[in-house]
Every structure is written in structure tokens, then in C-alpha cells.
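**Student:**
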Amino acid sequence: GNSVTQMEGPVTLSEEAFLTINCTYTATGYPSLFWYVQYPGEGLQLLLKATKADDKGSNKGFEATYRKETTSFHLEKGSVQVSDSAVYFCALTVSGGYNKLIFGAGTRLAVHP
Amino acid sequence: GAVVSQHPSWVICKSGTSVKIECRSLDFQATTMFWYRQFPKQSLMLMATSNEGSKATYEQGVEKDKFLINHASLTLSTLTVTSAHPEDSSFYICSASSDTEAFFGQGTRLTVV
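The following block contains the structure:
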């Protein structure tokens, strides 16, 4: 079946530290991959996406590369800020578009000054 | 960007009562909306796909008679948890998709006492 596994949190970092949140997936066919972010008290927001192998999604300093050979889509940021504190969800869809997203468990990131 | 509004953001109800959760797409028409459920420290699980003007499509294992979904218009879908029990306590999230992105509501935390 289709599934997403991401590293357990919480991840606690100091401001300006390097961030990696691991995400691996299993899927039939050729999935599209996403990272969503949920700030406290808000709904999930699309952070970045990649629709085919070797694509790199990027937004707000965050990056993730679609690695078909390792079935991974790790999220990285070179220098985190306190405002990046949130829960990050890795997700995929195999049905095309944004229908029937399959999510990982979410990773909580806490950034301290 | 487009906004999906979910109401209420939290609700406490007694066992045996029913609770209705509303999901509205505020600035676009959504022929399809999705309802997810999230248990603590677990991923969002798709419960059902809500189709405007027709019956919802439920995922395997989701009781359609307990979780009633109505999609009466292109901007409103409702989820009614009928005869709620403590095990129904959870975080419920709705989503509406346009051609280019999926937008999520803020979520509703349901506590059944």
C-alpha cells in the first residue's frame, strides 16, 4: 500500500541551526510528494512540492528533493528561525492533483533563540 | 491564497449526543472536499471524500452511519458525528482542493465526555 514515514519529534534546535526532517515513502506508481506545515492554531499550509523524480521543491528557505532511488523526500533548511516552529507533515498522492493525500505522522519543530 | 474555514475549532459534548462540524471554502467553489481525522502523535487519516450533490465516499473502516457527511453546496460540507462516544474524541480536519492546491481548515478538536 501507499504510506509515508517521517522522523519522530519533537526536534529542538537553536536559532540558525541546520534542519533536516527525514521522510520516506512507499507507493504504487509515481507519486507526487509534498511538505505541509501547521503553525499553532492554524490549518495545514502547503510548504513545497515535487511531482517527479529529481525535482527539488523549495519555499521560504526550505528545500526537499524527490529521490526515487531511496524513496525519500527529506526536508532541509540551512538556518532555522524561531518563527519556523511548527508541525511539519510529509505527504503523497498517487491519484493526481491534490486528491486523497496520504500523510506522515508529523514532526514538531521547536526553535529556541 | 484560498481559505477554508472550519467551525467550531473545539467542542465538548456528552456521550450519546451528536455534533456537527462545518467546512466552508470561502473564495472558491469546491466540488470535492475531504475529511481527515488525527489521533495524538499520529498522521492524518482520510475518512471520506465529500462530493457536492452526491453521497460521500468513505474509506475502509469508517462507519458511514456514525460519520454523516453532507455536501449541500459548492462551498459547504458538514460532518456530523452521531451518538458520539469517548473513542470518537479526536482532531478532525477538512480540506478542499482547487486545480492547483489543497487548502485545509483549522481543524476541530472534539472531546466526548
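First to last, the protein sequences are chains A and B. Under this note's numbering, the letters of the first sequence match residues 1 to 113, in that order. Under this note's numbering, the letters of the second sequence match residues 1001 to 1113, in that order. No residue lacks a Cβ here, since even glycine has one placed at the ideal position from N, Cα and C.
Does the separation of the CB atoms of B/Ser1097 and B/Thr1049 fall below 8 Å?
**Tutor:** The count along the second sequence starts at 1 and reaches residue 1097 of chain B at position 97. The count along the second sequence starts at 1 and reaches residue 1049 of chain B at position 49. No, the Cβ-Cβ distance between B/Ser1097 and B/Thr1049 is not below 8 Å.
**Student:** Are any of the Cβ atoms in chain B nearer than 8 Å to that of A/Phe18?
**Tutor:** For the purposes of this step, residue 18 of chain A is taken as the residue at position 18 of the first sequence. For A/Phe18, the answer is no, since every Cβ of chain B falls outside 8 Å of its Cβ.
**Student:** Are A/Val87 and A/Val111 touching if we call contact CB-CB under 8 Å?
**Tutor:** Residue 87 of chain A sits at position 87 when you count from the first residue of the first sequence. Residue 111 of chain A sits at position 111 when you count from the first residue of the first sequence. Contact flag unset, no.
**Student:** Taking any Cβ of chain A, which residues in the region 1031–1053 of chain B have a Cβ under 9 Å from it, in chain order?
**Tutor:** Thr1032, Phe1034, Tyr1036, Gln1038, Lys1041, Gln1042, Ser1043, Leu1044, Met1045, Leu1046, Thr1049
**Student:** Mind checking the region 1079–1097 of chain B against chain A and listing, in chain order, the residues whose C-beta falls within less than 8 Å of any C-beta there?
**Tutor:** Correct list: Ile1093, Ser1095, Ser1097.
**Student:** With DSSP collapsed to three states, give me the class of B/Glu1087.
**Tutor:** If you number the second sequence from 1, residue 1087 of chain B lands on position 87. The answer is helix: DSSP assigns B/Glu1087 an H, G or I state.
**Student:** Nearest-angstrom Cα distance between B/Thr1100 and B/Thr1075?
**Tutor:** On the second sequence, residue 1100 of chain B is found 100 positions in, with the first residue counted as 1. On the second sequence, residue 1075 of chain B is found 75 positions in, with the first residue counted as 1. Distance between the alpha carbons of B/Thr1100 and B/Thr1075 is about 17 Å.
**Student:** List, in chain order, every chain B residue whose beta-carbon is nearer than 7 Å to that of A/Ala105.
**Tutor:** Translated into positions along the first sequence, residue 105 of chain A becomes position 105. Residues of chain B passing the Cβ test: Lys1041, Gln1042, Ser1043.
**Student:** In chain order, what residues of the same chain lie with their CB nearer than 8 Å to the CB of A/Thr93, ignoring the 5 residues before and after it?
**Tutor:** In the first sequence, counting from the first residue as 1, residue 93 of chain A sits at position 93. Only Pro31, Ser32, Phe34, Asn99, Lys100, Leu101, Ile102 meet the Cβ criterion.
**Student:** So A/Cys23 and A/Ser72 are in contact, right, with Cβ under 8 Å, and what is the actual spacing, rounded?
**Tutor:** Translated into positions along the first sequence, residue 23 of chain A becomes position 23. Translated into positions along the first sequence, residue 72 of chain A becomes position 72. Yes, they are in contact, since the Cβ atoms of A/Cys23 and A/Ser72 sit about 6 Å apart, within 8 Å.
**Student:** Kindly say whether A/Leu47, judged by its beta-carbon, lies nearer than 8 Å to any beta-carbon of chain B.
**Tutor:** Numbered from 1 along the first sequence, position 47 holds the residue referred to as residue 47 of chain A. Judged by the 8 Å Cβ criterion, A/Leu47 is not in contact with chain B.
**Student:** Going along chain C in order, which residues have a C-beta closer than 9 Å to the C-beta of B/Val1004?
**Tutor:** Judged by its chain identifiers, the structure shown contains no chain C, and its protein chains are A and B.
**Student:** According to DSSP, what are the bridge partners of A/Gly57?
**Tutor:** Walking along the first sequence from the start, residue 57 of chain A turns up at place 57. Paired residues: A/Ala64.
**Student:** Exposed or buried, which one is A/Gly61 when buried takes at least 16 other CB atoms within 10 Å?
**Tutor:** As a first step, residue 61 of chain A must be located in the first sequence, where it is residue number 61. By the 10 Å Cβ count, A/Gly61 comes out exposed.
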